[in-house]
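Residue numbers (our numbering), protein chains in the order written: chain A, 1 to 440; chain B, 1 to 440; chain C, 1 to 440; chain D, 1 to 440. Virtual Cβ for every residue (Gly too), placed ideally from N, Cα, C.
4 protein chains.
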Amino acid sequence: MSEFFKEIPKIQYEGPGSKNPLAFKYYNPEEMVGGKKMKDHLRFSVAYWHSFCGAGADPFGVGTMIRPWDDIADPMEKARARVRGAFELFDKLGIEYFCFHDRDIAPEADTLTETNKRLDEIVQLMKEHMKATGVQLLWGTACLFTHPRYVHGASTSCNADVFAFSAAQVKKAMELTHELNGLGYTFWGGREGYDTLINTDMKLELENMARFLHMATDYKKEIGFKGQFYIEPKPKEPTKHQYDFDAATIIGFLRANGLDKDFKLNIEANHATLAGHTPEHELRMARINGLLGSVDANEGDLLLGWDTDHLPTDVYNTTLIMYEILQAGGFATGGLNFDAKLRRPSFEPVDLFHGHIAGMDAFAVGLKAAHKLLQDGPIENFIAERYSSYKSGVGADIVNNKVGFKELEQYALDHGPIQNGSGREEMLKSIITQYILESR
Amino acid sequence: MSEFFKEIPKIQYEGPGSKNPLAFKYYNPEEMVGGKKMKDHLRFSVAYWHSFCGAGADPFGVGTMIRPWDDIADPMEKARARVRGAFELFDKLGIEYFCFHDRDIAPEADTLTETNKRLDEIVQLMKEHMKATGVQLLWGTACLFTHPRYVHGASTSCNADVFAFSAAQVKKAMELTHELNGLGYTFWGGREGYDTLINTDMKLELENMARFLHMATDYKKEIGFKGQFYIEPKPKEPTKHQYDFDAATIIGFLRANGLDKDFKLNIEANHATLAGHTPEHELRMARINGLLGSVDANEGDLLLGWDTDHLPTDVYNTTLIMYEILQAGGFATGGLNFDAKLRRPSFEPVDLFHGHIAGMDAFAVGLKAAHKLLQDGPIENFIAERYSSYKSGVGADIVNNKVGFKELEQYALDHGPIQNGSGREEMLKSIITQYILESR
Amino acid sequence: MSEFFKEIPKIQYEGPGSKNPLAFKYYNPEEMVGGKKMKDHLRFSVAYWHSFCGAGADPFGVGTMIRPWDDIADPMEKARARVRGAFELFDKLGIEYFCFHDRDIAPEADTLTETNKRLDEIVQLMKEHMKATGVQLLWGTACLFTHPRYVHGASTSCNADVFAFSAAQVKKAMELTHELNGLGYTFWGGREGYDTLINTDMKLELENMARFLHMATDYKKEIGFKGQFYIEPKPKEPTKHQYDFDAATIIGFLRANGLDKDFKLNIEANHATLAGHTPEHELRMARINGLLGSVDANEGDLLLGWDTDHLPTDVYNTTLIMYEILQAGGFATGGLNFDAKLRRPSFEPVDLFHGHIAGMDAFAVGLKAAHKLLQDGPIENFIAERYSSYKSGVGADIVNNKVGFKELEQYALDHGPIQNGSGREEMLKSIITQYILESR
Amino acid sequence: MSEFFKEIPKIQYEGPGSKNPLAFKYYNPEEMVGGKKMKDHLRFSVAYWHSFCGAGADPFGVGTMIRPWDDIADPMEKARARVRGAFELFDKLGIEYFCFHDRDIAPEADTLTETNKRLDEIVQLMKEHMKATGVQLLWGTACLFTHPRYVHGASTSCNADVFAFSAAQVKKAMELTHELNGLGYTFWGGREGYDTLINTDMKLELENMARFLHMATDYKKEIGFKGQFYIEPKPKEPTKHQYDFDAATIIGFLRANGLDKDFKLNIEANHATLAGHTPEHELRMARINGLLGSVDANEGDLLLGWDTDHLPTDVYNTTLIMYEILQAGGFATGGLNFDAKLRRPSFEPVDLFHGHIAGMDAFAVGLKAAHKLLQDGPIENFIAERYSSYKSGVGADIVNNKVGFKELEQYALDHGPIQNGSGREEMLKSIITQYILESR
């Protein structure tokens, strides 16, 4: 079968000195970092929607992307071509995972029955490619936001028929994910929120959202799907307010509805910043609650107020993400899914490779810096010392719940002025830069 | 005793046609709205810190405010003068509630013992004024953020001695609130958060925050204080991240720590917008979770990224706040506390009156518009109709948990294309404007 | 010819008490305000792109809008239907102006020659409708941002062929505007900016932008087009940075390039807030520089970071806009063009009417409040008094350039402590609310 | 004379492998980079206000900083101690420049005459230290924003007496700067703007601002001061809107008022981001207009909406700043002034050193990366190629103003579909990361 990306060779590691744009400078998949291969730490995944379906349209312009399958008119033939192109790209980049929405892989037909048939066909094709290559499905999902029927939401629609259709669509997407031995299944509620509170029954919508997730959990058991369920925070866009606002909001929601045993979080860097948080904050929040699952690896432009989904190139960003991942013991079922798109002016096929190489190199640097930081411990040792007052004396009594306000008041009355130590933020930041620069 | 604000008369209601800046145009305290006096709906409160202690300093300039007690050198004499001035202002504005931090009413002394004596003295003075006037304490609180000892937080400090001191301070503040028959006690964690994650043990800090609130709850029972505990969200400022980020975050935190029976939320408009939410969103979130307690009534400048704490003058803001309050059945223990400060250039004593008159008039308009909107029902009727599909058929089955993914898939397969109706946002917004303009 | 909006009657003024959603409550076109008809103050215009072409797509979903011409397959037949629908809407709303881009009215064909023929045909059709109804073209413009050829900008493209094509397109759009006796022609540089500075020759791009505008000015003279040229600020979106960032930036650019005699500004509310300004700031900046031309009347959501283009419904916004317009002596060639779109969930044809009624009513209220404020003078009198120190003494000397640093130092040394007066922001804001509520 | 910072040695360059927090890892002052010493490229300067006067107060807390002169009660004795401490810090860090406001170095007295005497005394003391050490004054300035008299602005105050006092203050500050052979003098209009437009005569204020700068220019000539005048953009904070919003706004203002020959710009990174721009955008804008003067070297937190003035530690930020500086031919009179403050929790004296070491190391990395990028040319070569169509054919005709709309239309009609090339943003960003990592 002929190649789609003929001019692109298999991307090789050439090291930091290479001037070859189609080579890795830092990502060396088989290199051992702390007893594990780089590729097994990072578990890179390609996002089917951006890389194979994204056209480069924006609110003021139509698509610009040039893709090898552009001239194929028949939608199913195009869908098949995309599968072939995808696996060629996975192979050339050495990427072992991917993620997709149902509607990415097969276009919706006139009826649900027909749509599902189309899905079945493409899934069989994918299965063959996966078997042949060893590439795995990191997670599957259903697109419950593009079609006009979802204009008021999916499980939170004011229209019960839409809730029902959403259920049908997720049911099928879960079955397909199961069929492909997907390691996970993700819920991103792109329109689960509101555009204006003045026409919204927020209470019913939140209850229905919980109902929907319980139905999914029940069905998961019924079909014996063992993959991990993820839920992905985003505060806004496309809607004014999305119920899965951020990690803390979702964690509260899952617990309030008895769903916290069944879900983990899929954290996206750009969604974090849209919510006013750093990506590492969201990861930390998920981690300390035992709910860190997977990562949508990208980068936002903090001077822009929308989801720009840049390919990640900032090594501070990748270092701080990997720092949290390594502290969580590494990925279990999750990975680094490049939920990232090329800039609209980066429309040539080769840019797909430039973009992913940039992201993979940036995460390789981040992994090594984070690993070395944890190995040497300049940050963790500082923190341990900083909170050491809780290890003994009144601090230990507090932590062990042995004292109350009266005992503490007495302690305060008995002790002189309080001595605090510096937080040393500037010194610590300087250390992080040094580790980034020196840990390669 | 001589007046401090001699040139200011008791502010009277003169009606919408009045050109007298020192008169109410819309706030008519005794006027009945839906069977209740306007003043009993609104329960206005003055914030002691802004109105009697705030000097008008900002990060680039010292204080500008001219206050009658400026020339008093002795700190306790000044503290007594402020009490007198406060009650004069309450009387002239016809405001029946106030709120304070411990450190607002009496300055910290060299030792905790001495500091607490100072507090006792001022509280006795306040008690006399309250008895004489009938003015009540809406809520008290402790200032755990101004003093350098709180540089790393209070209950979330890395220093156990600071935790202990915070406990002592809150214990005393609760006792004083109890002594004054305060209707509530508020927790705002101004430095309960972090400046940088790289020196922070977030897990321990969150656990300690919960421990602290449990201790407070225990002590409340011990002393028999019956007032309502409130917790107040704010996402950031002064710290980079505050743990009480927004209503959803706090609700999750309270539930996770078994504290949700003991606390309600105190929602501030400007804190809402700093978190990326409308004030009505935060109120709605609190309301549908049964946790709506009280309101810090102010207004932010959405083009500025810090807490501007404007006196509220926008009648859309006040209408949407009162709409949520009325839907919650009105205030129980809470009220509208003007946690708002005059602009630095509004430094004359009379501006204190202009500012509060502006706020009270704006809320009077908002109350009447919200009341009429609920009475006539254009919004609620639209919502009821919009979600009516959940009242019967498959919608009722969903709400009653009678169906799962399989039944819903079958339903979707059996039914044709979905019909949605318009959300009518523009029409509904136009109706709200009309009600604001016509409900006075 | 059959109606497109059969169910919609001609919209009538029914007054503030009306509960008819398809009636004006405040906009009474023939009512005199300060010696001029309301409609002649406001000069409402419909934006062809949003109202007749906008489909309701967003970055996460396809179009939702239901329009009477949806089923017409032939693009030119659809274009003709849109013209008919547009004039029906103008008539039913009583709107006397409209604005369009070349590509709104006729779809691009395979060649420029063919494209221009299509434009000629539709323009002739429009001309007939305009003659029959008296509706006028407020301004025309060219769409230099949707087509992939503009991916790197138009006059600021790195590709000279794109500069040439842009010139051809603007030339034609100017000719068509002239043919329709357009009152103005607008330049909005949607992609005149950059996505990243690291691949950009900003100096050349800015010079080329100026060259382009000079060519337009030359060609305007050549064809004898007497309409007003406008340039419209927007800081970002779709690009990261747009050269026409805000009013101050454009004014500086026009002056630096000798173009300030040939252009005025077209100010859009939502673009103002994206740049961190209030709409009234942008209008004031244009006004005091003698460059206030026209207004794109809409409203942003300040909690969202993109151009939401809401129909304007906030009467504070409309009052402050009309305050600036009236102070500028009213519109000369300009008007209030509703560059605003229905929310994606407001997809029914009737919402087009609800949205425009909402906007027209809001501006009617704003006009009357602004007129009364200027008539009575509470704001302007306060300002005159506030700056009165520049009318005599040292202030007059300063303004008349009679003194320098040495004289002013001597004055400062000779005079005692400075007395300032309050800025009275809260009182003034309260007055504005009162005027809005009472001026109808 | 005894040392203030006894525990701090002279900071030495120890190289990238050093774990000594009180050593430079990257800043090696005498190292040659492109034929010039590192220190002569970077021209580091300490900001007197932050480092010697800043107490660490924020809007919710008092100062925390521990400084060796804290216990000195007499204000002039403290002022003298600060001078001594400053020069000790300059020496230990090897910093050769500093900047100050008049009020930083000597506290205001009861009268202007007395205040000026205090200034004279401290300036003489500084002069001695400067002579002894060779440290130079990068620029001086006057503080026209802290004192209550400036509540409504300085040269833009509504009060002519304030204009006069401002003139007196700037006159003196210029004289002192001249006396110290300052290389420049900076105007930052901290309150030159407005808090609300509704009480503001913006036209008069802008005219007065221009008058003031003309007076300063006249006086500069009169006293023969040859230093460079700078004006520094900031969009907001403390006021809602500052007239010196950003580089483009200032450039327009200077030109409109005939001041562009007399001023250059002093660009601050954090002010850039508050205005919605990257620092490199502001530098580029200044550079291509020939107005790039000096840099206030710091870093903002883009998730916070106020001026955080972090010490710069992000090497992307420093690389892109140095890239613009090198392209401008390096600093003439300007330098990198650390207008940056320690975090409030970094309150120990040693943090002053940690912070500046962090900043100096970050800029050393940035310098070397930028130098290598310009030497090798991967960015500039790409740009040259990208815009090459303007070097010949129709592009050259455009640039040489040989063609107009008619010729360009003919060209467009004659030529087929346009071919664009990719902007390659992802590849270029990846190259920048590689240069940062590899250029040390």
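Rounded separation between residue i and residue j - CA only
i	j	result
V315(C)	P21(C)	18 Å
R211(A)	V170(A)	13 Å
A160(A)	N199(A)	16 Å
Y387(C)	N420(C)	11 Å
A154(D)	F229(C)	37 Å
M285(D)	A73(C)	48 Å
K37(B)	K429(C)	26 Å
Residue i, buried or exposed, once every other Cβ within 10 Å from all chains shown has been counted against 16
i	result
A364(C)	buried
K117(C)	exposed
M215(B)	buried
K341(A)	buried
M32(B)	exposed
S2(C)	exposed
G329(B)	exposed
E268(A)	buried
T113(C)	exposed
I398(A)	buried
Residue i: contacting residues in chain B (beta-carbon distance under 7 Å)
i	result
E299(A)	Per Cβ cutoff of 7 Å: no residues; E299(A) is ~18 Å from chain B at best.
Interface residues of chain D facing residue i [CB-CB closer than 8 Å]
i	result
H241(C)	H277 and H281
Contact set between residue i and chain A, taken where Cβ atoms lie within less than 9 Å
i	result
L213(B)	Ordered by position in chain A, no residue passes the 9 Å Cβ test against L213(B), which lies about 11 Å from the chain.
S346(D)	S422, G423, R424, E425, E426 and M427
Beta carbon proximity, residue i to chain A, threshold 8 Å
i	result
F331(D)	no
D104(B)	no
Under 8 Å by beta carbon: chain A residues contacting residue i
i	result
W306(C)	P59, E237, G305 and W306
H415(B)	D161 and A164
Neighbour list for residue i in chain A, Cβ cutoff strictly below 7 Å
i	result
M202(B)	R284 and I288
T64(C)	P148 and V151
Contacts of residue i in chain D (Cβ-Cβ under 9 Å)
i	result
G190(B)	F60 and G61
Residue-level contact to chain C via CB, residue i, 8 Å cutoff
i	result
S51(B)	no
Contact with chain D by residue i, beta-carbon distance below 8 Å
i	result
S389(C)	yes
Under 8 Å by beta carbon: chain B residues contacting residue i
i	result
H129(D)	Per Cβ cutoff of 8 Å: no residues; H129(D) is ~28 Å from chain B at best.
Amino acids of chain D, ordered along the chain, whose beta-carbon sits closer than 7 Å to that of residue i
i	result
L342(A)	E426
C-beta neighbour in chain B for residue i, strict 8 Å
i	result
F187(A)	no
Completely contained alpha helix (DSSP H) runs for the stretch 12-69 of chain B, where each covers 4 or more residues: 38-42
Ordered list of alpha helix (DSSP H) runs contained in the stretch 262-341 of chain B, each at least 4 residues: 269-274, 279-288 and 315-327
Length at least 3, wholly inside the stretch 173-232 of chain D: the beta strand (DSSP E) runs in chain order: 184-187 and 228-231
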